[in-house]
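Shown next, in structure tokens, is the structure this report addresses.
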Amino acid sequence: PVLVVDFGAQYAQLIARRVREARVYSEIVPHSMPVAEMLAKNPAAIILSGGPSSVYEPGAPTLDAGLFAHDVPVFGICYGFQAMAQALGGTVAHTGSREYGRTLLESRGGTLLRELPADLPVWMSHGDSVAVAPDGFTVTASTPGAPVAAFEDLTSKRAGVQFHPEVAHTEQGQEMLKRFLYDIAGIEPTWTPDNIIEEQVARIREQVGDKQVICGLSGGVDSAVAAALVHKAIGDQLTCIFVDHGLLRAGEAEQVEKDYVAATGIRLKVVDASEQFLGHLAGVTDPEQKRKIIGREFIRTFEQAARELDAERHIEFLVQGTLYPDVVESGGGTGTANIKSHHNVGGLPDDLQFALIEPLRTLFKDEVRALGAELGLPEEMVQRHPFPGPGLAIRIIGAVDRERLDILRSADLIAREELAASGLDREVWQFPVVLLADVRSVGVQGDGRTYGHPVVLRPVSSEDAMTADWSRLPYDLIAKISNRITNEVREINRVVLDVTSKPPGTIEWE
Ligand code: XMP
Numbered sequence: 006p007v008l009v010v011d012f013g014a015q016y017a018q019l020i021a022r023r024v025r026e027a028r029v030y031s032e033i034v035p036h037s038m039p040v041a042e043m044l045a046k047n048p049a050a051i052i053l054s055g056g057p058s059s060v061y062e063p064g065a066p067t068l069d070a071g072l073f074a075h076d077v078p079v080f081g082i083c084y085g086f087q088a089m090a091q092a093l094g095g096t097v098a099h100t101g102s103r104e105y106g107r108t109l110l111e112s113r114g115g116t117l118l119r120e121l122p123a124d125l126p127v128w129m130s131h132g133d134s135v136a137v138a139p140d141g142f143t144v145t146a147s148t149p150g151a152p153v154a155a156f157e158d159l160t161s162k163r164a165g166v167q168f169h170p171e172v173a174h175t176e177q178g179q180e181m182l183k184r185f186l187y188d189i190a191g192i193e194p195t196w197t198p199d200n201i202i203e204e205q206v207a208r209i210r211e212q213v214g215d216k217q218v219i220c221g222l223s224g225g226v227d228s229a230v231a232a233a234l235v236h237k238a239i240g241d242q243l244t245c246i247f248v249d250h251g252l253l254r255a256g257e258a259e260q261v262e263k264d265y266v267a268a269t270g271i272r273l274k275v276v277d278a279s280e281q282f283l284g285h286l287a288g289v290t291d292p293e294q295k296r297k298i299i300g301r302e303f304i305r306t307f308e309q310a311a312r313e314l315d316a317e318r319h320i321e322f323l324v325q326g327t328l329y330p331d332v333v334e335s336g337g338g339t340g341t342a343n344i345k346s347h348h349n350v351g352g353l354p355d356d357l358q359f360a361l362i363e364p365l366r367t368l369f370k371d372e373v374r375a376l377g378a379e380l381g382l383p384e385e386m387v388q389r390h391p392f393p394g395p396g397l398a399i400r401i402i403g404a405v406d407r408e409r410l411d412i413l414r415s416a417d418l419i420a421r422e423e424l425a426a427s428g429l430d431r432e433v434w435q436f437p438v439v440l441l442a443d444v445r446s447v448g449v450q451g452d453g454r455t456y457g458h459p460v461v462l463r464p465v466s467s468e469d470a471m472t473a474d475w476s477r478l479p480y481d482l483i484a485k486i487s488n489r490i491t492n493e494v495r496e497i498n499r500v501v502l503d504v505t506s507k508p509p510g511t512i513e514w515e
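In the UniProt record's numbering, the protein residues as written are 6 to 515.
Here it is, written out as structure tokens:
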């Protein structure tokens, strides 16, 4: 792999993704990892990421200069660039002045910047800057605030830049990263979805042998792709369990039961538990209470189904759709899986006596989608927006019952249909529709007075759901959705738009 050394800023994940977009596998490692341990991973190159603004900052992480005693190619970015310059005997000027945001790079060619325009917009965020490049390095660019903004040494296969090539504001950034990977480090771009599948399939076969495997399907992308991958590896040794809690959107249960099975040939055990879930939810209005009930019932149902299956065929493994960001956030990939309770309905219990298979634990969400497409899963399934485990129960403000679920389902389907028809599906992270079931307002329809419920449209744009902004959907689209909902769903006579970012609002209303 290419190792991205994380110096503690936000940039390491972004760099890792950009490297992968260049079809080269990358992993993030903490800066505290000893050089010997990094080298043990047999890296094709090491990228030192951004971090604090200055190598002189108190407590700034140090770079083990021992790294440069080896001939692994190294690319330094921002803080990593300064740390590298210092470790190799260059000079970092402690200026105290800052250069921040978009600036123009004056390029003088070289390999990294070859054939790129002489004046390039780049994104900077640094305090100190490199004043003198280390011996053997050619300075290939400067900016007003950084006399040495890029350098390279083709013999040792090392290069660095003061700006951030990984951010979109640096217009040719991806091009530069590719030049480092392909032309300076000499790496081949072979990390493609079909290669990933091939590798994972071999690994799963080796891990599982002839044992039996179980997987819980949620209807979401991650579990669907994880199961499809495992199925490709071991076929009928896999059985999937799908718990229908009655809180899904229109067509979702059918999508799993028919389209998914048709596309994959997976053996599926469907448990219709809607009576049970709705029974326990009757009259409950408190959001946390709803979540707890759903989480508890989900585990009960899943365990019961797993026991029945286990009696039939002894199960040794459980498939989990854990993704790379979870692995990185929980400390970088060693030890047992730390699965956020968010990611399953309430999380599965620890005492389920199965070993885990996590075929997606090295992948980002968009890579999982690409894999799903390559595995032949239906487009609607692969491009599906995230949907919370507790389902529509936390989008009905008030108590949950079948009638209210049906009302919300109808409104939600219209919003989804129109968003898809507008072609803006992929611009939007999620588009919850929320039923204010305990609120009523007066309206007029035809000649008559109505006294119905409002629904809230909550389209949001986001990178990772940690922060979000309300999507500026075209007014015409919102008007169309509003018209259709009030015309087609009798109980709803008012449609409102949620214009709150996160924070302070969360994406879901409960
Ligand atoms: P909030 O509402 O906290 O949501 O801004 C952030 C993201 O998480 C989803 N979400 C959940 N997903 N189980 C899940 O699997 C849950 O209990 C849950 N609650 C929220 C939400 O849809 C959004 O994508």
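C-beta: ideal position from N, C-alpha, C; glycine also.
None of the values given here were measured: they were computed from a predicted structure.
Report the three-state DSSP secondary structure of Gly-13 (helix, strand or coil).
-> Note: Gly-13 maps to coil in three-state DSSP.
Can you check whether the CB of Asp-277 is closer than 8 Å to the CB of Asp-249?
-> Yes, the pair counts as a contact, with Cβ atoms nearer than the cut-off.
Any idea which residues DSSP pairs Ala-164 with across the strands?
-> Paired residue(s): Phe-80 and Glu-157.
Continuous alpha helix (DSSP H) stretch holding Asp-331: start and end = Its alpha helix (DSSP H) spans residues 329–334.
For Ile-304, the three-state DSSP class (helix, strand or coil) | Of the three classes helix, strand and coil, the one that applies to Ile-304 here is helix, per DSSP.
Candidates Leu-159, Phe-369 and Arg-318: closest to Pro-330 by CA position = Minimum Cα-Cα distance from Pro-330 among the listed residues Leu-159, Phe-369 and Arg-318 corresponds to Phe-369.
For Val-500, which of helix, strand or coil comes out of DSSP?
-> Correct three-state label for Val-500: strand.
Can you tell me where the alpha helix (DSSP H) with Asp-417 in it begins and where it stops?
-> Per DSSP, Asp-417 belongs to the alpha helix (DSSP H) from 407–427.
Taking the C-alpha atoms as reference points, what is the distance between residue 4 and Arg-23?
-> This structure cannot settle anything about residue 4, because the visible part of the chain is limited to 6 through 515.
Residue ranges of each beta strand (DSSP E) run of no fewer than 3 residues wholly in the region 240–304, ordered along the chain?
-> 243–249 and 272–277, all fully within the region 240–304.
If you drop the 5 nearest sequence neighbours on each side, which residues of the same chain put their C-beta closer than 7 Å to that of Ala-113?
-> It is Arg, not Ala, that sits at residue 113 in the sequence shown. In its chain, beyond the 5 residues on either side, Thr-145 and Ala-146 have a beta carbon closer than 7 Å to the beta carbon of Arg-113.
With burial defined as no fewer than 16 other Cβ atoms inside 10 Å of the residue's Cβ, what is the status of Leu-471: buried or exposed?
-> The question names Leu, yet the displayed sequence has Met at residue 471. By the beta-carbon neighbour count (other beta carbons within 10 angstroms, threshold 16), Met-471 is exposed.
Would you give the residue range spanned by the alpha helix (DSSP H) that Ala-207 belongs to?
-> Element bounds for Ala-207: 198–213.
Between the beta-carbon of Leu-424 and the beta-carbon of Val-438, is there less than 8 Å?
-> Contact: no.
May I ask whether a heavy atom of the ligand XMP can be found less than 7 Å away from the beta carbon of Ala-164?
-> Incorrect: Ala-164 has no Cβ contact closer than 7 Å to the ligand XMP.
Glu-32, DSSP secondary structure in three states = In the displayed model, Glu-32 falls within a strand according to three-state DSSP.
Since Val-40 is in the beta strand (DSSP E), which residue starts that stretch and which ends it?
-> Per DSSP, Val-40 belongs to no beta strand (DSSP E); it is in the alpha helix (DSSP H), 40–45.
From Gly-403, Gln-325, Glu-372 and Gly-377, residue whose alpha carbon lies closest to that of Pro-289 = In the sequence under discussion, the amino acid at residue 289 is Val, which differs from the Pro named in the question. Shortest Cα-Cα distance from Val-289 to any of Gly-403, Gln-325, Glu-372 and Gly-377 involves Gly-403.
Beta-carbon proximity of Leu-109 to Leu-125, cut-off 8 Å | Less than 8 Å divides the Cβ of Leu-109 from the Cβ of Leu-125.
If you measure from the CB of Lys-507, is any heavy atom of the ligand XMP nearer than 7 Å?
-> Answer for Lys-507: yes, Cβ within range of the ligand XMP.
With distances taken from CA atoms, which of Ser-487, Phe-436, Met-386 and Tyr-456 is nearest Thr-511?
-> Ranking Ser-487, Phe-436, Met-386 and Tyr-456 by CA distance to the CA of Thr-511 puts Phe-436 first.
Whose C-beta lies closer than 7 Å to the C-beta of His-347 among residues of the same chain, with five residues either side of it excluded?
-> Annotation note: pLDDT 39 at His-347 (below 50); position unreliable, coordinate value reported separately. Scanning its chain for C-beta atoms nearer than 7 Å, with the 5 sequence neighbours on each side dropped, one finds no residue around His-347.
Taking only heavy atoms of the ligand XMP into account, decide whether any of them is closer than 7 Å to the Cβ of Arg-296.
-> Flag set: Cβ of Arg-296 near the ligand XMP.
Is it a yes or a no for the region 11–26 touching the region 167–182, going by three-plus beta-carbon pairs under 8 Å?
-> Per the Cβ contact rule, the region 11–26 is in contact with the region 167–182 (3 or more Cβ pairs under 8 Å).
Could you tell me whether the Cβ atoms of Pro-66 and Phe-12 are closer together than 8 Å?
-> Contact flag set, yes.
For Ala-360, the nearest candidate out of Phe-392, Ala-378, Val-324 and Ile-399 (CA to CA) | Checking every option, the nearest Cα to that of Ala-360 belongs to Val-324.
Contacts around Glu-32, its chain only, beta-carbon distance under 8 Å, and the 5 residues preceding and following it disregarded = Around Glu-32: Pro-6, Val-7, Leu-8, Val-9, Ala-21, Lys-46, Gly-338 and Thr-367.
Asn-334 burial status per 10 Å Cβ neighbour count (16 or more: buried) = The amino acid at residue 334 is misidentified as Asn; the sequence shows Glu. By the 16-neighbour rule on beta-carbons within 10 angstroms, Glu-334 is exposed.
Rounded to whole angstroms, how far is the Cβ of Leu-440 from the Cβ of Val-500, which I believe are closer than 8 Å?
-> Contact between Leu-440 and Val-500 fails: their C-beta atoms lie close to 11 Å from each other, not under 8 Å.
Using CA coordinates, which residue listed in Asp-158, Glu-204, Thr-197 and Gly-394 is at the minimum distance from Phe-185?
-> It is Asp-158.
Excluding the 5 residues preceding and the 5 following Arg-254 in the sequence, name in chain order all residues of the same chain whose CB lies nearer than 8 Å to its CB.
-> The residues are Phe-392, Gly-396, Leu-397, Arg-414, Asp-417, Leu-418 and Arg-421.
Compare the beta carbon distance of Thr-505 and Asn-498 with 8 Å and say whether it is the shorter of the two.
-> No; because the gap between Cβ atoms is not below 8 Å, this pair is not in contact.
In three-state terms, what does DSSP make of residue 2?
-> Because the chain spans 6 through 515 in this model, residue 2 falls outside it and cannot be assessed.
Which residue comes first and which comes last in the beta strand (DSSP E) that contains Asp-124?
-> Per DSSP, Asp-124 belongs to the beta strand (DSSP E) from 124–131.
Runs of alpha helix (DSSP H) wholly within the region 362–405 (minimum 4 residues, chain order) = DSSP runs (the alpha helix (DSSP H)) wholly in the region 362–405: 370–379 and 384–387.
Answer with buried or exposed for Glu-111, where buried requires no fewer than 16 other C-beta atoms within 10 angstroms of its C-beta.
-> Residue environment analysis places Glu-111 among the exposed positions, since fewer than 16 neighbouring C-beta atoms fall within 10 angstroms of its C-beta.
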